[in-house]
Amino acid sequence: MAYYVNRTVKLTFWEKIYLPEIIRGMIITSRHFFINLFGFIPFLVGKKKERKIFTVYYPEEMVDYPIAYRGRPVLAVNEKGNFNCVACGLCEAACPAYCIDITPGCNSGKQNELERFPDKFSIDYAICIFCGNCEEACPEEAIFMSNDCEISMLDRRKMKYDKEQLATPISELKDRVEFVRNMNAKWNFKN
Ligand code: SF4
Ligand code: SF4
Numbered sequence: 027m028a029y030y031v032n033r034t035v036k037l038t039f040w041e042k043i044y045l046p047e048i049i050r051g052m053i054i055t056s057r058h059f060f061i062n063l064f065g066f067i068p069f070l071v072g073k074k075k076e077r078k079i080f081t082v083y084y085p086e087e088m089v090d091y092p093i094a095y096r097g098r099p100v101l102a103v104n105e106k107g108n109f110n111c112v113a114c115g116l117c118e119a120a121c122p123a124y125c126i127d128i129t130p131g132c133n134s135g136k137q138n139e140l141e142r143f144p145d146k147f148s149i150d151y152a153i154c155i156f157c158g159n160c161e162e163a164c165p166e167e168a169i170f171m172s173n174d175c176e177i178s179m180l181d182r183r184k185m186k187y188d189k190e191q192l193a194t195p196i197s198e199l200k201d202r203v204e205f206v207r208n209m210n211a212k213w214n215f216k217n
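Using the numbering used here, read the sequence shown as starting at 27 and increasing by one per residue.
Here's what the structure looks like:
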């Protein structure tokens, strides 16, 4: 289920005068603070099976990221085992960080061969800003923002992923594909 920002919201009088909303925000923050401070006690003494707490013990516990989350961009591999990418270079041109590098491959002219494909395709995650422009620019549903953000490493040179490292089966991306289709339909065809 995708979430959209409602930009047509009309503020009430109390929201416009600002102070009650600040107080409401502080109450919510304080409530979370005290639940986090004491919420683990029933769990520790065995009274509850789950901690009533908002923080997560990473990496033992993981967060379920919303579908709109932008983790590292990956390349979709379709059911036939081919990349959807046709090496058009639009994502490369749209990337504000200049971290995508594509070399188109040459078709040898044999029948049933892919007409256009990337011979080399790399993304340097050390400079990627996870903006999602590449995903937005792609006309072939070939590059998608995944929910993977665990790419920290000690050597920045290893953060440049090649085509094989970027390859992700489309079946693993189907929720994101649906989300992007809905998002594009909304932007392109609704007032
Ligand atoms: S997410 Fe943004 S910065 Fe990263 S590769 Fe895509 S366009 Fe470039
Ligand atoms: S990922 Fe999409 S935009 Fe980028 S080169 Fe391939 S087909 Fe073109």
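Using N, Cα and C, we set each Cβ at its ideal position, and we do this for glycine too.
Determine, using beta carbons only, whether residue i and residue j come nearer to each other than 7 Å.
i, j, result
"residue 57", "residue 174", "no"
"residue 113", "residue 93", "no"
"residue 68", "residue 74", "yes"
"residue 193", "residue 116", "no"
"residue 123", "residue 155", "yes"
Spatial neighbours of residue i within its chain, please: C-beta separation below 8 Å, excluding the five flanking residues on both sides.
i, result
"residue 108", "140, 143"
"residue 40", "46, 47"
Taking all protein chains shown into account, decide if residue i is buried (16 or more other Cβ within 10 angstroms of its Cβ) or exposed.
i, result
"residue 125", "buried"
"residue 84", "exposed"
Between the Cα of residue i and the Cα atoms of the options, which residue gives the shortest distance?
i, options, result
"residue 159", "52, 47, 119, 85", "119"
"residue 185", "172, 202, 152", "152"
"residue 131", "138, 147, 122, 137", "147"
"residue 164", "138, 203, 63", "203"
"residue 62", "43, 72, 82, 121", "82"
"residue 138", "59, 71, 106, 162", "106"
"residue 121", "182, 66, 157, 145", "157"
"residue 95", "161, 189, 181", "161"
"residue 188", "176, 178, 145", "145"
Do you know offhand how far residue i's Cα is from residue j's?
i, j, result
"residue 217", "residue 208", "A caution first: residue 217 carries a pLDDT of 47, below 50, which makes its placement in the model too unreliable to give a value."
"residue 170", "residue 196", "10 Å"
"residue 32", "residue 168", "29 Å"
"residue 86", "residue 80", "15 Å"
Apart from the five residues just before and just after residue i, which ones in its own chain have a Cβ nearer than 6 Å to its Cβ?
i, result
"residue 110", "102, 104, 166, 167, 168"
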